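In the working numbering, the protein residues as written are 35 to 267. One structure is given below, encoded as structure tokens.
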């Protein structure tokens, strides 16, 4: 699939005679795996997604996925961004990971599978390898064509709702776990971070009945009197 897209886009840029580099990235490919439901390039997303703050051309912004179904869940996102690929190919990028992932969070940076990466295969079966360039076909030697993926495994109880935030931008998040894609030709960087927010499901403490409150008050009063009498002896 990617080979066909590369040929088509290369011909398009040749016809248009594009020769100037762009500061913004280009979202070349993407996919989502929501509990085994796959959404690939161009597929319509379900109502569980909110892309109102996401730019599908540049792949910059915030994208969310929400579920309130009780049970075990997993969600993964795969992104293949490119900087200035039309003037300097795909193969001048590097990937980095910063800080420690949260419990239940997985990730991977690798060549997107056009030659030797296994990131997309791992994405499909919810088995991201939490590494950079680790492939069953042999370790990728960077710089190369970089793609990034991140996932979450979690469980929901009754009345709980989970929202996963996918945040991609040109500014360093500065904290938390995040991935970095760096293009040496344009000297541009893309940052990918994600968070899981689970809310609801808490039961308020029971309100004591009047008889119980009276009994508890009497017991405390008796205990207080006993301590006073004991202290005078």
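Even for Gly, the Cβ is constructed at its ideal location relative to N, Cα and C. Model, not experiment: these values are computed from the prediction.
- Counting only the Cα atoms, residue 86 lies some 31 Å from residue 165.
- Per DSSP, reduced to three states, the secondary structure at residue 109 is strand.
- Here residue 149 is exposed. Its C-beta has fewer than 16 other C-beta atoms within 10 Å.
- Inclusion of residue 65 and residue 112 in the CB contact set at 7 Å is warranted, their separation being smaller than that value.
- At least 7 Å separates the beta-carbon of residue 174 from that of residue 193.
- Around the beta carbon of residue 127, 16 or more other beta carbons sit within 10 angstroms, so the residue counts as buried.
- For residue 217, the enclosing beta strand (DSSP E) has its first and last residue at 212-217.
- In the DSSP assignment, residue 62 falls within the beta strand (DSSP E) that extends over 60-68.
- The criterion of a C-beta distance shorter than 7 Å is not satisfied by residue 107 and residue 224.
- Remark: C-beta atoms of residue 180 and residue 152 do not approach each other more closely than 7 Å.
- Note that the stretch 131-142 touches the stretch 206-220; at least 3 beta-carbon pairs, one per stretch, sit closer than 8 Å.
- Each residue's CA atom was taken as its position, placing residue 147 and residue 232 some 33 Å apart.
- Just so you know, the alpha carbons of residue 98 and residue 205 end up roughly 19 Å apart.
- Within a 10 Å sphere around the beta-carbon of residue 90 sit fewer than 16 other beta-carbons, which makes this residue exposed.
- The beta strand (DSSP E) runs lying completely inside the stretch 98-174 and spanning 3 residues or more are 105-116, 127-132 and 139-144, given in chain order.
- Closest by C-alpha distance to residue 187, out of 96, 131, 118 and 110, is 110.
- Assignment of residue 224 by DSSP, reduced to helix, strand and coil, places it in the strand class.
- For residue 92, the closest alpha carbon among the candidates 129, 117, 133 and 227 is that of 117.
- Residue pairing by DSSP puts residue 88 in a beta bridge opposite 95.
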